[in-house]
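Written below as structure tokens is the structure these notes are about.
Laid out in structure tokens, this is it:
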């Protein structure tokens, strides 16, 4: 033991053996909410979050990579004495794999192939592309974007990253600050949207941005639906302004039955399942162990929420 | 110039500016078939190949990675004084990318997603997998298999290679000789078939092999249709003995209209278009330039056909 006292950590909204073990592995001790916890590991939604936290709590670990629900509900701002951490980064590789899957399936025209019932290669040839030599615009180079870059590199594609600061992202051929994002839409061949949902990123991709893209471009959104103007996207997909879209997130979400996106063949929809429970739970448990270890040792926590940034 | 005389190279069956330039870039000089060529670059099928070659010809470059048509037609055996080279390796990265696309789309249940018209993540959760941590059996580690290994590595998957000799394949966690292939079917999570079509590989994957695989396995075939027993595959897919298949090649090929594979949702068919003309022609031209450069310099050629091996 390198610390005097094991941190006492409550799990909510319900007891959960996976996270109790994760806390133990990190050197913490599980206790109840009424038992003066030093920290809370929360596995539920923001709606279920308790109105009042025990005053002993100094840290809350949230279960999602995007925490806009907690920020919007005022939960985080109501507890300025508490350090809040998200799960940002924990699911990065899983979601990046999903983004790559959608991008490759688009570039290789899989939706049209799956609809075919006849052997007609000549019909597919004109639309078949490759990621080899392609430039992929990565909008937001947090955990997911950074996990995606080496995957693209292995396929011979290069990453053109867009971030708030424009500070060089490792592995990207170039990093453009968001202030210059307009130049990126016509430069990259395809796009993966992986930025947090904030006021600044709302409807980042609208009619003008789609019109500036190459007609062969695929746009993959694994961030939040609010980053894309859905009506503009439906219009662009219908008129083939771009080649297609792969959407793990939508606006509105859930996407209602009968929505035009369901019937467009060049819209690939996955219902926010890029990070399914079977992959999410062990990844989040690892993240909890890592942060409990840091908390116990008095080190900086991973993925601390910055309310002013919105993530 | 490092050689005394520019090699004289004929292009057939028709003149083609792309390959004339590729020959020139390699230090060769284009000539006609009647003009005593030292070598021939053939861009057509085996059916169109001339019955008699000029006696001056010492090397023929064929346009395909798999040359079983030329072997079966006896063309290669009829000219023992000629060195024959295939395009093996030239298209490796392109076809490997396609194989990865099919594998990822399978593992992430894209066919079922594309058929959905309602937001039902709970229905997809049980079947969603990842390549992270998975073992992919690569049956035949020639150009395509070797190109695929680093792509899988970037996704956190490991390659279990099967080759004739079992000599370690760079990047594979293990290489198994084909004599021990039976142990691989139950060990790997998924399979990519990338071996040449020979008498030994015919119907390599049949009912017993499919039955030995995990029920979550996806089988991707980017080699030749003859390596898989189609009837056994249809049966295994229908009964969900395995999760699914991604087939760029089929037996019979072209797959006739109305064939059961067209109507199975867990069979993804791409009509031998993993290496479409827009990608194939420049890749083959590069290969021609490379081999002309070697020929002119008296070096060993790339992808020399070994008739006794069948590729």
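Chains as they are written, first to last, in full-length UniProt numbering: chain Y, 1 to 311; chain F, 1 to 311.
No residue lacks a Cβ here, since even glycine has one placed at the ideal position from N, Cα and C.
Requested in this report: Using alpha carbons as the reference points, say which of F:96, F:201, F:89, F:133 lies closest to residue 149 of chain F.
Outcome: On the second chain, residue 149 of chain F is found 149 positions in, with the first residue counted as 1. Closest by alpha carbon: F:96.
Query raised in the report: Whole beta strand (DSSP E) runs in the stretch 141-216 of chain Y with 3 or more residues, listed along the chain?
Result: 158-163, 174-177, 190-193
Query raised in the report: Does the stretch 105-114 of chain F come close enough to the stretch 199-209 of chain F to have 3 or more Cβ pairs within less than 8 Å?
Result: no
Query - Inter-residue spacing [alpha-carbon to alpha-carbon] between residue 211 of chain F and residue 242 of chain F - result: Walking along the second chain from the start, residue 211 of chain F turns up at place 211. Walking along the second chain from the start, residue 242 of chain F turns up at place 242. Between residue 211 of chain F and residue 242 of chain F, the C-alpha separation is close to 8 Å.
Report task. Provide the residue(s) that pair with residue 245 of chain Y in DSSP beta bridges, ordered along the chain. Result -> Here residue 245 of chain Y is taken as the residue at index 245 of the first chain, counted from 1. DSSP lists Y:219, Y:267 as partners of residue 245 of chain Y.
Report task. Have a look at residue 178 of chain F and residue 307 of chain F and give me their C-alpha separation to the nearest angstrom. Result -> Reading the second chain from its first residue, position 178 is the one you call residue 178 of chain F. Reading the second chain from its first residue, position 307 is the one you call residue 307 of chain F. Cα to Cα, the separation comes out at about 19 Å.
Query - residue 82 of chain Y in three-state terms, based on DSSP - result: Residue mapping note: residue 82 of chain Y aligns to position 82 of the first chain, counting from 1. Note: residue 82 of chain Y maps to coil in three-state DSSP.
Report task. Rank F:237, F:288, F:226, F:195 by C-alpha distance to the C-alpha of residue 214 of chain F and give the top, closest one. Result -> Here residue 214 of chain F is taken as the residue at index 214 of the second chain, counted from 1. Of the listed residues, the one whose Cα sits closest to residue 214 of chain F is F:237.
Query raised in the report: Should residue 93 of chain Y be flagged as near chain F, meaning a C-beta pair shorter than 8 Å?
Result: If you number the first chain from 1, residue 93 of chain Y lands on position 93. Yes, its Cβ sits closer than 8 Å to a Cβ of chain F.
Query raised in the report: For residue 233 of chain F, does the count of other Cβ atoms within 10 angstroms reach 16, so buried, or fall short, so exposed?
Result: Numbered from 1 along the second chain, position 233 holds the residue referred to as residue 233 of chain F. So residue 233 of chain F ends up on the buried side.
Report task. Leaving out five residues on either side along the sequence, give the residues of the same chain with a beta carbon under 8 Å from the beta carbon of residue 260 of chain F. Result -> Sequence index remark: in the second chain, residue 260 of chain F carries index 260 (1-based). Result list for residue 260 of chain F: 234, 238, in chain order.
Query raised in the report: Nearest to residue 94 of chain Y by alpha carbon, out of Y:300, Y:293, Y:272, Y:297?
Result: Within the first chain, numbered from 1, the residue matching residue 94 of chain Y stands at position 94. It is Y:272.
Requested in this report: Could you tell me whether the Cβ atoms of residue 13 of chain F and residue 48 of chain F are closer together than 8 Å?
Outcome: For this step, residue 13 of chain F is matched to residue 13 along the second chain. For this step, residue 48 of chain F is matched to residue 48 along the second chain. Against a cut-off of 8 Å, the Cβ pair of residue 48 of chain F and residue 13 of chain F comes out as a contact.
Query raised in the report: Under 8 Å between the Cβ atoms of residue 172 of chain F and residue 141 of chain F?
Result: Looking up residue 172 of chain F in the second chain gives position 172. Looking up residue 141 of chain F in the second chain gives position 141. Their beta carbons are under 8 Å apart, which means residue 172 of chain F touches residue 141 of chain F by this criterion.
Query raised in the report: Excluding sequence positions up to five away, which residues of its chain have a Cβ less than 8 Å from the Cβ of residue 204 of chain F?
Result: For this step, residue 204 of chain F is matched to residue 204 along the second chain. So the list reads 139, 181, 193, 195, 227, 228, once near-sequence residues are dropped.
Report task. Give the straight-line distance between the Cα atoms of residue 175 of chain Y and residue 6 of chain Y, rounded to the nearest whole angstrom. Result -> Here residue 175 of chain Y refers to the residue found at position 175 of the first chain. Here residue 6 of chain Y refers to the residue found at position 6 of the first chain. Answer to the nearest angstrom: the Cα atoms are 43 Å apart.
Query raised in the report: Whose C-beta lies closer than 8 Å to the C-beta of residue 36 of chain F among residues of the same chain, with five residues either side of it excluded?
Result: Here residue 36 of chain F corresponds to residue number 36 of the second chain, with the count starting at 1. Excluding sequence neighbours, residue 36 of chain F sits near 8, 54, 56.
Query raised in the report: Could one say the Cβ of residue 80 of chain Y lies closer than 8 Å to chain F's Cβ atoms, at least one of them?
Result: Numbered from its first residue, the first chain carries residue 80 of chain Y at position 80. Not closer than 8 Å to any Cβ of chain F, the Cβ of residue 80 of chain Y fails to qualify, so no.
Report task. My understanding is that residue 83 of chain F touches residue 304 of chain F, with C-beta atoms under 8 Å, so please give their C-beta distance in whole angstroms. Result -> For the purposes of this step, residue 83 of chain F is taken as residue 83 along the second chain, with counting starting at 1. For the purposes of this step, residue 304 of chain F is taken as residue 304 along the second chain, with counting starting at 1. Correct: roughly 6 Å between the Cβ atoms.
Requested in this report: Specify the secondary structure class of residue 138 of chain Y as computed by DSSP and reduced to three states.
Outcome: Position 138 of the first chain, counting from 1, holds the residue named residue 138 of chain Y. DSSP places residue 138 of chain Y in strand when its eight states are reduced to three.
**Report entry** Whether residue 38 of chain Y touches residue 21 of chain Y by CB criterion (8 Å)
**Finding:** Residue 38 of chain Y sits at position 38 when you count from the first residue of the first chain. Residue 21 of chain Y sits at position 21 when you count from the first residue of the first chain. No. Outside cutoff.
Query raised in the report: If we count the other Cβ atoms within 10 Å of its Cβ and call it buried at 16 or more, is residue 221 of chain Y buried or exposed?
Result: One-based indexing of the first chain puts residue 221 of chain Y at position 221. It is buried - the Cβ of residue 221 of chain Y has at least 16 other Cβ atoms within 10 Å.
Query raised in the report: Of the residues F:157, F:299, F:274, which one's Cα is nearest the Cα of residue 104 of chain Y?
Result: By one-based count along the first chain, residue 104 of chain Y stands at place 104. The shortest C-alpha separation from residue 104 of chain Y is found at F:274.
Query raised in the report: How would you call residue 224 of chain F, buried or exposed, if buried means at least 16 neighbouring beta carbons within 10 angstroms?
Result: If you number the second chain from 1, residue 224 of chain F lands on position 224. Buried.
Query raised in the report: Which residues in the same chain have their Cβ closer than 6 Å to the Cβ of residue 247 of chain Y, if we skip the five residues on either side of it in sequence?
Result: Against the first chain, residue 247 of chain Y aligns to sequence position 247. Only 221, 269 meet the Cβ criterion.
Query raised in the report: Which of helix, strand or coil does DSSP assign to residue 127 of chain F?
Result: Walking along the second chain from the start, residue 127 of chain F turns up at place 127. Correct three-state label for residue 127 of chain F: helix.
Query - Straight-line gap, residue 18 of chain F to residue 88 of chain F (C-alpha atoms, nearest Å) - result: As a position in the second chain, residue 18 of chain F is number 18, starting the count at 1. As a position in the second chain, residue 88 of chain F is number 88, starting the count at 1. Cα-Cα distance, rounded: 19 Å.
Query - residue 185 of chain F to residue 297 of chain F span [Cα, whole Å] - result: By 1-based counting over the second chain, the position of residue 185 of chain F is 185. By 1-based counting over the second chain, the position of residue 297 of chain F is 297. The straight-line gap from Cα to Cα measures roughly 45 Å.
Query raised in the report: From which residue to which residue does the alpha helix (DSSP H) around residue 106 of chain F run?
Result: Along the second chain, one-based indexing puts residue 106 of chain F at 106. Here the alpha helix (DSSP H) through residue 106 of chain F covers 92-107.
**Report entry** Nearest-angstrom Cβ-Cβ length linking residue 71 of chain F and residue 86 of chain F, presumed shorter than 8 Å
**Finding:** In the second chain, the residue the question calls residue 71 of chain F occupies position 71. In the second chain, the residue the question calls residue 86 of chain F occupies position 86. With 8 Å as the limit, residue 71 of chain F and residue 86 of chain F do not qualify as a contact, their Cβ atoms being about 10 Å apart.
Requested in this report: Give the straight-line distance between the Cα atoms of residue 170 of chain F and residue 153 of chain Y, rounded to the nearest whole angstrom.
Outcome: In the second chain, the residue the question calls residue 170 of chain F occupies position 170. In the first chain, the residue the question calls residue 153 of chain Y occupies position 153. Residue 170 of chain F and residue 153 of chain Y: Cα-Cα distance of roughly 19 Å.
Query raised in the report: Are the C-beta atoms of residue 97 of chain Y and some chain F residue less than 8 Å apart?
Result: What you label residue 97 of chain Y is simply residue 97 of the first chain in a count that begins at 1. Interface residue, yes.
Query raised in the report: residue 187 of chain F to residue 135 of chain F, Cα distance in whole Å?
Result: The count along the second chain starts at 1 and reaches residue 187 of chain F at position 187. The count along the second chain starts at 1 and reaches residue 135 of chain F at position 135. C-alpha separation (whole angstroms): 8 Å.
Report task. Return the bridge partner residues of residue 41 of chain Y from the DSSP annotation. Result -> The count along the first chain starts at 1 and reaches residue 41 of chain Y at position 41. BP columns for residue 41 of chain Y point to Y:11, Y:61.
**Report entry** Beta-carbon proximity check, residue 10 of chain F vs residue 286 of chain F, cutoff 8 Å
**Finding:** Mapped onto the second chain, residue 10 of chain F falls at position 10. Mapped onto the second chain, residue 286 of chain F falls at position 286. Their beta carbons are not under 8 Å apart, which means residue 10 of chain F does not touch residue 286 of chain F by this criterion.
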